[in-house]
Amino acid sequence: MSETKKGMNSTLKSSDTEETMDIYFTRPIGYRWALFFNYFDIHPNVVTILSIILGFAAGICFYFTDFWHNLAGVLLLMWANFYDSCDGQLARMTGKKTQWGRMLDGFAGDIWFFTIYIALLLRMWNQNIPFTDINWGIWLFIIMAFNGFIMHARQCALADYYRNIHLFFLKGKAGSELDNFVQQRQIFHSLPWKGNFWWKIFLYFYGNYTRGQEGQTPEFQRFFKKLKETYGDDIPQEFRDKFRAKSKPLMPFTNILTFNTRAIALYISCLIDMPYLYIFFELIVLSSLWLYMRSRHEKMCKEFYEQL
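If you count the sequence shown from 1, you need to add 363 to reach the numbering used here.
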């Protein structure tokens with residue numbers, strides 16, 4: 364194995380949770396950017412901010428209907444995604460992993476897609492519903508709001524949660540970013556407002572984010588509570604291996620529901636000037652996969668709870 368490949372592999376979270384496209388395309392490019400930024404001693408959080416700027420610019424490009432603006436949007440969003448990969452790799456490479464960085468990293472994708480949804484809404488506002496002479500009107504706003512604020516947010520939050528659950532059983536607490544609402548609220552209330560204003564604002568919304576994840580996973584919450592009562596922090600390796608084996612087949616679904624598949628659908632639909640295809644893809648295909656993934660994971664957790 365080459366030194367470059369060894370170095371890149373050391374910056375990955377785990378082979379279980381990485382997507383094939385990321386391993387062979389996104390991560391290698393992100394790793395080279397990480398080497399570049401590390402050479403100039405640039406903090407991972409700065410890279411995350413750059414990715415937000417690039418993603419915001421990409422979103423603006425998708426407002427236009429011509430091919431070249433949309434191609435620019437595709438390239439800018441790909442560039443933003445390289446930086447999104449790079450910041451995590453850089454953090455693991457340099458040890459500069461911070462809670463701010465994790466929260467900012469999650470915030471980046473939200474900014475990208477919020478901008479994209481607004482751009483697509485404005486782009487299609489005066490157009491007709493496909494194969495009809497009826498203007499989209501308020502229905503477009505309702506569908507976009509439902510897709511963005513409800514389905515997209517819940518899908519990505521649950522995918523992120525399932526990956527961190529898997530990493531917890533694979534690598535333990537130190538190798539996962541599995542947070543909970545009670546923990547985040549305790550941190551929030553322990554800090555004074557003076558000198559911590561923005562940090563507390565961040566903690567408040569991040570706490571709500573973790574509460575939303577927990578609200579989607581009642582069977583996991585019941586199982587995890589029983590697991591802690593039974594074993595504490597000393598979960599037997601045999602039990603960890605069993606959970607990992609059951610959880611691993613669901614990891615491809617978590618990847619589909621986050622970026623690459625979603626982005627490819629966006630790229631194609633915008634480049635051929637049929638952005639409504641992306642809206643229906645999210646509404647029908649991704650929502651169905653989310654429901655299926657959630658159902659399987661909850662059933663799995665119920666079975667483990669009954670074993671305990």
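The C-beta atom is built at its ideal place from N, Cα and C for all residues, glycine as well.
Inter-residue spacing [alpha-carbon to alpha-carbon] between residue i and residue j
i	j	result
Asn623	Asp385	8 Å
Leu566	Ile550	8 Å
Gly535	Tyr426	44 Å
Thr380	Ser632	27 Å
Any non-hydrogen atom of the ligand FMN within 7 Å of residue i CB
i	result
Gly570	The ligand FMN is not part of the structure shown, which contains no ligands of any sort.
Contacting residues, own chain, Cβ-Cβ under 7 Å from residue i (five flanking each side not counted)
i	result
Gln584	Glu577
Ile492	Trp499
Arg574	Phe544
Ala454	Pro407, Lys460 and Gly464
Trp488	Trp499 and Leu503
Cutoff 8 Å: residue i Cβ touching any chain C Cβ
i	result
Lys589	This model lacks chain C altogether; it includes just one protein chain.
Pair within 8 Å by beta-carbon distance, residue i and residue j
i	j	result
Phe494	Cys449	no
Leu634	Ser377	no
Ile674	Ile416	As shown, the chain starts at 364 and ends at 671. That puts residue 674 outside it, with no answer to give.
Gly418	Ile474	yes
Met656	Phe616	yes
Asn510	Leu646	yes
Reduced DSSP secondary structure (H/G/I, E/B, other) of residue i
i	result
Asn491	strand
Asn498	strand
Pro638	coil
Ile513	helix
Leu671	coil
Trp556	coil
Leu541	coil
Glu381	coil
Asp597	coil
Lys611	helix
Run of the alpha helix (DSSP H) containing residue i, from where it starts to where it stops
i	result
Pro391	Arg390 to Tyr402
Met406	This sequence places His at residue 406; Met is not what is there. Premise fails: His406 is in no alpha helix (DSSP H) and is neither H nor E.
Asp447	Phe430 to Thr457
Pro615	Met614 to Ile619
Nonlocal neighbours in the same chain, by C-beta distance under 6 Å from residue i, ignoring five residues either side
i	result
Ser610	His529
Met514	Ser650
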